[in-house]
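Reading through the structure tokens given below for one structure.
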Amino acid sequence: MPSYLYHSDPDTLVFETEIVDSRPGAVVLERSWLHPGGGGQVSDRAMLRHAGGTARITGIAVEEGRWWHLLDSEDRLDGRIEVGIDAEHRSLVSQLHTDSHILNAFVFRRFEGALVTGAQINADGTGRMDFDLPDFDNDRLRGLEEEINAAIRAGHPVEARYLPFEEARAAPGLIRSAAVAPPPTADGTVRIIDISGLDAQACGGTHLTNTAQSRPIRITKVENKGRHNRRVRFALD
Ligand SMILES: [Zn+2]
0 MPSYLYHSDP DTLVFETEIV DSRPGAVVLE RSWLHPGGGG QVSDRAMLRH
50 AGGTARITGI AVEEGRWWHL LDSEDRLDGR IEVGIDAEHR SLVSQLHTDS
100 HILNAFVFRR FEGALVTGAQ INADGTGRMD FDLPDFDNDR LRGLEEEINA
150 AIRAGHPVEA RYLPFEEARA APGLIRSAAV APPPTADGTV RIIDISGLDA
200 QACGGTHLTN TAQSRPIRIT KVENKGRHNR RVRFALD
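Printed below as a string of structure tokens:
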């Protein structure tokens with residue numbers, strides 16, 4: 000079962016809730032539909048409306064399981080509030096994140112099960128993935144761009160499901176990275192993102208519901224980072 004609201008209700012971008020704790024520049028909310036960041040993905044951004052005005056939520060700091068929503072204001076806030084998640088930012092990050100799964104799927108297929116050693120999705124429409132690839136030609140990696148864009152255009156449905164952690168760990172290829180694998184949820188299950196006909200892997204981030212919702216991507220750079228590591232940089236076109 001999902002334990003995060005942004006997993007169970009990914010379309011909820013506006014919500015009302017209470018501030019349950021506050022300090023200058025940050026608040027804890029009774030309920031929050033924001034993505035807190037993590038696993039290489041930047042957090043959501045949002046606008047918070049309170050009795051005395053508005054403040055921007057610029058990020059989330061998770062401290063001992065509590066989500067401190069960071070504000071651009073040092074005011075100490077309390078009471079009932081309305082939050083509107085930045086839909087454009089969420090969409091940009093979800094496009095890049097879904098596209099990173101497609102890139103990962105083709106690297107995994109074409110390069111004999113190469114594992115992910117790192118990933119990052121940025122707020123400026125760019126991302127990168129690092130793969131453990133000792134002896135491969137960087138031009139072959141650049142050449143994946145066309146296949147990735149064909150898969151985006153093909154309109155594969157993207158769905159989330161939950162598996163017991165041990166089952167997910169035992170299934171070949173589902174958990175591809177110690178660095179970006181999501182932690183099990185409170186009931187011991189792990190979230191699998193399934194791009195129908197293309198890819199399935201454990202992930203806790205935000206995604207599209209169909210690959211065709213993404214703009215095409217460009218592979219902007221392939222770099223050698225150490226003897227085994229290839230870093231693939233990409234951007235929305
Ligand atoms: Zn993901």
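Residue numbers (numbering that gives the first Met the number 0): 0 to 236.
From the three backbone atoms N, C-alpha and C, an ideal C-beta is built for every residue, glycine too.
Since this is a predicted model, take the numbers as computed values, not measurements.
Straight-line Cα distance separating residue j from residue i
i: Thr210; j: Ala149; result: 10 Å
i: Ser42; j: Leu143; result: 28 Å
i: Arg190; j: His206; result: 12 Å
i: Phe110; j: Ser31; result: 40 Å
i: Val61; j: Leu4; result: 16 Å
i: Gly204; j: Pro35; result: 9 Å
i: Tyr161; j: Thr208; result: 16 Å
i: Ile216; j: Thr116; result: 21 Å
i: Arg226; j: Pro133; result: 6 Å
i: Pro171; j: Arg75; result: 49 Å
i: Met46; j: Glu87; result: 13 Å
i: Glu145; j: Ile151; result: 10 Å
i: Arg139; j: Ile192; result: 26 Å
i: Ile218; j: Phe135; result: 16 Å
Cutoff 6 Å; reference residue i; Cβ partners in own chain excluding five residues on either side
i: Lys220; result: Arg232
i: Pro1; result: With a pLDDT of only 46 at Pro1, under the threshold of 50, the placement of this residue in the model should not be trusted; the figure read from the coordinates follows. Only Ser7 meet the Cβ criterion.
i: Val106; result: Ala113 and Phe130
i: Gly24; result: Leu70 and Glu73
i: Arg175; result: Leu114, Val115 and Gln200
i: Thr11; result: Trp32
Residue(s) in a DSSP beta bridge with residue i
i: Val221; result: Val231
i: Asn209; result: Pro156
i: Thr188; result: Pro163
i: Asp198; result: Ile194
i: Phe135; result: According to DSSP, which records beta bridges pairwise, Phe135 is partnered with nothing at all.
i: Gly126; result: Ile120 and Phe233
Neighbourhood of residue i by C-beta distance below 7 Å, restricted to the same chain and skipping five residues each side
i: Pro9; result: Thr205
i: Asn121; result: Val41
i: Asn223; result: Arg229
Short Cβ contact (8 Å threshold) for residue i with residue j
i: Leu173; j: Ala153; result: no
i: Ser195; j: Pro156; result: yes
i: Asn137; j: Arg229; result: yes
i: His49; j: Ile80; result: yes
i: Gln119; j: Gly37; result: no
i: Leu197; j: Arg214; result: no
Terminal residues of the beta strand (DSSP E) in which residue i lies
i: Leu21; result: Residue identity check: residue 21 is Ser in the sequence provided, not Leu. From DSSP, the beta strand (DSSP E) with Ser21 extends over Val13 to Arg22.
i: His6; result: Counting along the chain, His6 falls outside any beta strand (DSSP E), though it belongs to the alpha helix (DSSP H) covering Leu4 to Ser7.
i: Gly117; result: Val115 to Ile120
i: Val41; result: From DSSP, Val41 is part of no beta strand (DSSP E); its letter is neither H nor E.
i: Trp66; result: Arg65 to Leu70
Span of the alpha helix (DSSP H), counted from its first residue to its last, around residue i
i: Gln94; result: Ala86 to Arg109
Own chain, CB closer than 8 Å to residue i, minus 5 neighbours either side, in chain order
i: Val27; result: Ile18, Val19, Asp20, Ser21, Arg65, Trp66, Trp67 and His68
Residue i Cβ short of 7 Å to ligand 3 heavy atom set
i: Gly204; result: Absent from the structure shown: ligand 3. Ligands present: ligand 1.
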